[in-house]
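Chains as they are written, first to last, in UniProt numbering: chain A, 1 to 160; chain B, 1 to 1016. Heads up, the thing below is written out as structure tokens.
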């Protein structure tokens, strides 16, 4: 299973972090520091897996951002690597040529979308179209509430 | 509907709609010119939010905005604990948009042990059993991501019902499956095979939706990895799914990934089958074999990276499946697997090479070992790969594929590699080489000895004491090796081998077997060499040399002259400040000089008896086994690394078996301990080393490679562009080179912000009873002293320094009348360039008792300051105490004196260094320094190991100093650190101190050390 997902920039700034195992705040801070240091020190063109304690860090760099999933030692590394690609493709479709700034200013969106891809440290859905539709539905709900398109008792209108 | 879609388009392109305050805040943070400005901005915002949260009628919009701001600050590393209540309370809200923020933030911020989660169990359950699917999804995802045991107890039946209900929406059921997996992990009793297995079969059989199947099979993996019994009925269903995917039957377009039917689901299917024994029904066996065979023979390399990865991932899993089953075609399938994995090695794609070697390591068994060995030379080449991940895999694979036919070749390759191998891998490498050499040495003990000696000589600092102790055991048991061992030891010592561990081993051999060398080498000849090495060795090695010399004095042929010299040496060290050394010197002096007692004492110096290596498991193999066991135990991840390191500290019973007739037993009382076994007990803490071979410190090689990395990439640039792969163009070209280095001002502005601000809960620590800062200052120069003391705990320090290595022993004492619990001393953070390893402290400390814990340091490269130290303990009935401590072990600790031949040499070095990096500071010095003038400064410089070089600077009022360190060991290059102190003509208390070095961190660290000694 995936222990945590971490997105960070070339400068080591965290852009997204999500833990699927109960790490304390202190352990999280320590892990972030170790993981970012270890991965940022690796030149490009090396393989996308590096061992860290008893975990394997599977990571991939996209322009200025690093996406990293920490998995059990026994996990199939390449298929995990493609989970990252899958997530990035979904982000790309949602934002339209996604860039780091999109994820900085819309970090909450990145979390919403991640929840459609990964749940309980496992891959949840592989259909990009389905995820795009779900996220769009949720966006509609929020917008509908903003323009007052909700029932009197506060329940949002269902999709027509 | 039309208006809805246009709204959602507007959102997805920028998301700037609404949340203006949030955007402004993020922009402010990004614009902050420094960490201080950022902190200020954050503090202001936190104060504002605290104020706002006191207001009970915040608008929905504001609540969302502030919670998202808190989430952002959390990601930057700030403590936002006060906001947890508000975050969690959003879950109770009625509106979806509030719930969405509440659920998301809660799942990111909290973990299952937070009390707050219990407060919302009811709301979460209502959302789950409610009718609105988006709320259901949010609630299920929260439980799936952070749910604990309480959730398991209260909502598991609801989640099961949803998963099995065909009327629930697929999107909800998928989440329910994974939610149930989480709940099952927390409480195995919620799913009982008798009732649940049938439902699983039904779920698998009646399901067409590949998304739900993915969730259900993940759940099944979770269950059967715990206990497969009762779930055998699922095998046919899983086989059916596997067949469906392998033949791409009724797989919707959406579920093709670069043309491959959901590779993730394929992998999961093959994985779940690995947990079951081979099915008995021939139909399913055929079905499995067919799919495996298909995958093994039909996977080639393709150009598209993503497609290539996915294909190879499936192939890799098929190989795993083969190795875990016992199919009728097992032999041919295994052969196909090995061939397929072998092809991985030729793929010009590091990930696939990595996986290929992992696979070959796994597949290695008596049946396949010959086939695997055919790739030996390719794997040996990979030992020189630029990537540590690949090198580690190569080492593992060579170790696995080794048998007597190739042992010599492999051990030779490993020995050759040892010379160039970097630190991150050396220790493991040395250990594995030693184990292999011993394992396959049957009939050729001499080969083993030569390998072992080479190993100790070459890997020196990086082998644990276990390795050379083991060499001693094996050689002791092989009388035919004794002469050879002594001769090689003698020859190498004559060639000035200064590797400490080798000197120890050589001293041991000469002490035990020197007399077998014959008349050509009288005792005086080899004793003389040991005398010479004694002077330059560390105290630990000195102890061993002393023992060896004492034994040599009893060798036939040892004359009075030799005994006289030895006597002098022993006497000289009878007052050595090293207690251990002092004790040995005193004991040996008495033993070798008391005439009337000589016969009894002489027996102490008899050669060691046989070790019985054959009947004991090699400690080294045990060492490797513990490492592996540790790796398998994923639960330990959350624990500090100490766990694995404690065990070897107490000498295992095999080493000193009670009742073994050791000649020293009879007089153990007199000597206060048997001297000879101590030879093997030196530095047992170092034995803990192996477990940390995979430490996180970046290797120097990695750092070197780091310099060729592309510069900062524009954060505006398209994330996918660098890969040349767009979802719309699955067949796009191979990844292009890294995008051009465009330095973005926005990126630069955030570069200075750290992430390390983890805030612990506020604590009221006891007041130290010493001036901690003063003690720290002293310890910058002194080897021994006090580091910390409060009413409960005292920490003393003793340290030894040699070359690029340091051993620091902490003495942690409990001053309080009660037992201290949860005691821990831990390093905080990693410092690049400095390998630091701290053994673990027992969690309990009895009153008035002291515990020792060893910190081993090895400088592999320049660094500025040692990692911090964190002391934790609890006094029963009081809040736990956590004290951060600084360690005064900067790069100056590894400096060695330097004497330039003339001023020109100094200035040449100075120019070279200051051109690269220099750091200066004008300081007002302490009164004592001001009065003492340059002489006092000179003393201060030498106290921090900067060799003062008076007379070099033409201006008599200035002072220069210089030293160098050999990072990375005795063979490392010299890194010079130079310093210059200039006085102010107008004010005798003001000096300008400049430190320069080609290594920036070293310059900074040395300046810090100098300043610690001269400023008040």
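Cβ atoms here follow ideal geometry from the backbone N, Cα and C, with glycine treated the same way.
Practice item. Note down, in chain order, each residue of its chain lying with its Cβ closer than 7 angstroms to the Cβ of residue 437 (chain B), except the 5 sequence neighbours on either side. Key: If we look at residue 437 (chain B) and ignore the five residues flanking it on each side, its Cβ neighbours are 411, 448, 451 and 452.
**Study point:** CB of residue 475 (chain B) within 9 angstroms of CB of residue 482 (chain B), strictly
**Key:** In contact: residue 475 (chain B) and residue 482 (chain B) (Cβ atoms closer than 9 angstroms).
Exercise for review: Name, in chain order, the residues that DSSP records as bridge partners for residue 812 (chain B).
Suggested key: As DSSP reads the structure, residue 812 (chain B) sits in a beta bridge with B:795 and B:851.
**Study point:** residue 835 (chain B) (DSSP reduced to helix, strand or coil)
**Key:** Secondary structure at residue 835 (chain B): strand, using DSSP grouped into helix, strand and coil.
Point to revise | Local conformation of residue 310 (chain B) per DSSP, three classes | key: Of the three classes helix, strand and coil, the one that applies to residue 310 (chain B) here is helix, per DSSP.
Point to revise | Neighbourhood of residue 88 (chain A) by C-beta, 7 angstroms cutoff - its chain only, sequence neighbours within 5 removed | key: Around residue 88 (chain A), the same chain offers 62 and 67 as residues with beta carbons nearer than 7 angstroms, after the five sequence neighbours per side are excluded.
Practice item. Provide the residue span of the alpha helix (DSSP H) that contains residue 21 (chain B), from first to last. Key: Counting along the chain, the unbroken alpha helix (DSSP H) around residue 21 (chain B) starts and ends at 20-31.
Review point. What span of residues does the alpha helix (DSSP H) with residue 359 (chain B) cover, start to end?
Key: Start and end: 350-363.
Practice item. With a floor of 4 residues, list each alpha helix (DSSP H) that falls wholly inside the segment 52-98 of chain B, ordered by position along the chain. Key: Segments of the alpha helix (DSSP H) lying fully in the segment 52-98 of chain B: 60-75 and 84-89.
Check your understanding: Considering only C-alpha positions, which residue in the set B:950, B:209 and B:858 is nearest to residue 803 (chain B)?
Key -> Residue 803 (chain B) has its Cα closest to that of B:858, out of B:950, B:209 and B:858.
Check your understanding: What is the DSSP secondary structure of residue 49 (chain A), reduced to helix, strand or coil?
Key -> In this structure, residue 49 (chain A) counts as strand in the three-state DSSP scheme.
Point to revise | residue 541 (chain B) to residue 579 (chain B) span [Cα, whole Å] | key: When rounded, the distance between both Cα atoms is 14 angstroms.
Practice item. Under 9 angstroms between beta-carbons, which chain A residues line up against residue 100 (chain B)? List them in chain order, please. Key: For a Cβ distance threshold of 9 angstroms, residue set 108, 112, 138, 141 and 142 of chain A lies close to residue 100 (chain B), ordered along the chain.
Practice item. Could you confirm whether any beta carbon from chain B is found closer than 9 angstroms to the beta carbon of residue 47 (chain A)? Key: Closer than 9 angstroms: yes.
Review point. If we call anything under 9 angstroms between Cβ atoms a contact, is residue 1017 (chain B) one with residue 921 (chain B)?
Key: In the structure as shown, chain B starts at 1 and stops at 1016, and residue 1017 (chain B) therefore has no counterpart that could be examined.
Practice item. Taking C-beta pairs closer than 7 angstroms, name the residues in chain B that residue 4 (chain A) reaches, listed in chain order. Key: Ordered by position in chain B, no residue passes the 7 angstroms Cβ test against residue 4 (chain A), which lies about 10 angstroms from the chain.
Point to revise | Touching by the beta-carbon criterion (3+ pairs, under 8 angstroms), the segment 864-881 of chain B and the segment 824-831 of chain B | key: Verdict: yes, contact present.
Review point. Per the contact definition of three or more C-beta pairs closer than 8 angstroms, is the segment 54-64 of chain B in contact with the segment 95-103 of chain B?
Key: Contact annotation: the segment 95-103 of chain B touches the segment 54-64 of chain B, with at least three C-beta pairs closer than 8 angstroms.
Review point. Per DSSP, residue 801 (chain B) is paired with what?
Key: Answer is B:806, bridged to residue 801 (chain B).
Check your understanding: Using the rule of at least 16 other Cβ atoms within 10 Å of the residue's Cβ for burial, across every protein chain shown, is residue 348 (chain B) buried or exposed?
Key -> The residue is exposed, with fewer than 16 neighbouring Cβ atoms inside 10 Å.
Check your understanding: Interface residues of chain A around residue 262 (chain B) at Cβ under 7 angstroms?
Key -> The contacting residues are 126.
Point to revise | Reduced DSSP secondary structure (H/G/I, E/B, other) of residue 137 (chain B) | key: The answer is helix: DSSP assigns residue 137 (chain B) an H, G or I state.
Review point. Would you call the segment 251-265 of chain B and the segment 76-94 of chain A touching, i.e. three or more CB-CB distances under 8 angstroms?
Key: Pairwise C-beta distances place the segment 251-265 of chain B in contact with the segment 76-94 of chain A, as three or more of them are shorter than 8 angstroms.
Review point. Can you give the Cα-Cα distance for residue 226 (chain B) and residue 46 (chain A), rounded to whole angstroms?
Key: Rounded to whole angstroms, the gap between the alpha carbons of residue 226 (chain B) and residue 46 (chain A) is 35 angstroms.
Check your understanding: Within 10 angstroms of its Cβ, does residue 297 (chain B) collect 16 or more other Cβ (buried), or is it exposed?
Key -> Burial call: exposed.
Practice item. Using the DSSP secondary-structure output, state which residues sit across from residue 182 (chain B) in a beta bridge. Key: Paired residues: none, contrary to the question.
Check your understanding: What's the call for residue 495 (chain B), buried or exposed, on a 16-neighbour Cβ count within 10 Å?
Key -> By the Cβ-count criterion, residue 495 (chain B) is exposed, with fewer than 16 other Cβ atoms from all chains shown falling within 10 Å of its own Cβ.
Review point. Is any beta-carbon of chain B found at less than 9 angstroms from that of residue 19 (chain A)?
Key: Contacts with chain B at 9 angstroms (Cβ-Cβ) include residue 19 (chain A).
Review point. Counting pairs of beta carbons, one from the segment 910-920 of chain B and one from the segment 844-858 of chain B, are three or more of them closer than 8 angstroms?
Key: Here the segment 910-920 of chain B makes no contact with the segment 844-858 of chain B; the two share fewer than three CB pairs at distances below 8 angstroms.
Review point. How would you list, in chain order, the residues of chain B whose beta-carbon sits under 9 angstroms from the beta-carbon of residue 59 (chain A)?
Key: What residue 59 (chain A) touches in chain B: nothing, since even the nearest Cβ is about 11 angstroms away.
Check your understanding: What does residue 858 (chain B) pair with, by DSSP beta-bridge criteria?
Key -> Answer is B:805 and B:835.
Exercise for review: Would you list, in sequence order, the uninterrupted alpha helix (DSSP H) runs of no fewer than 4 residues that lie entirely inside the segment 74-128 of chain A?
Suggested key: Counting whole runs of 4 or more residues, the segment 74-128 of chain A contains the alpha helix (DSSP H) stretches 77-95, 100-105 and 107-117.
Exercise for review: Label residue 139 (chain A) either buried or exposed according to how many other C-beta atoms from any shown protein chain fall within 10 Å of its C-beta, with 16 as the threshold for buried.
Suggested key: The residue in question, residue 139 (chain A), is buried, as its Cβ has 16 or more Cβ neighbours within 10 Å.
Point to revise | Interface flag, residue 321 (chain B) vs chain A, CB-CB below 9 angstroms | key: Answer no: the Cβ-Cβ gap between residue 321 (chain B) and chain A never drops below 9 angstroms.
**Study point:** First and last residue of the uninterrupted beta strand (DSSP E) at residue 822 (chain B)
**Key:** Looking at the DSSP string, the run of the beta strand (DSSP E) that includes residue 822 (chain B) is 821-828.
**Study point:** Ordered list of beta strand (DSSP E) runs contained in the segment 916-985 of chain B, each at least 3 residues
**Key:** Qualifying beta strand (DSSP E) stretches, in chain order: 918-924, 958-966 and 974-983.
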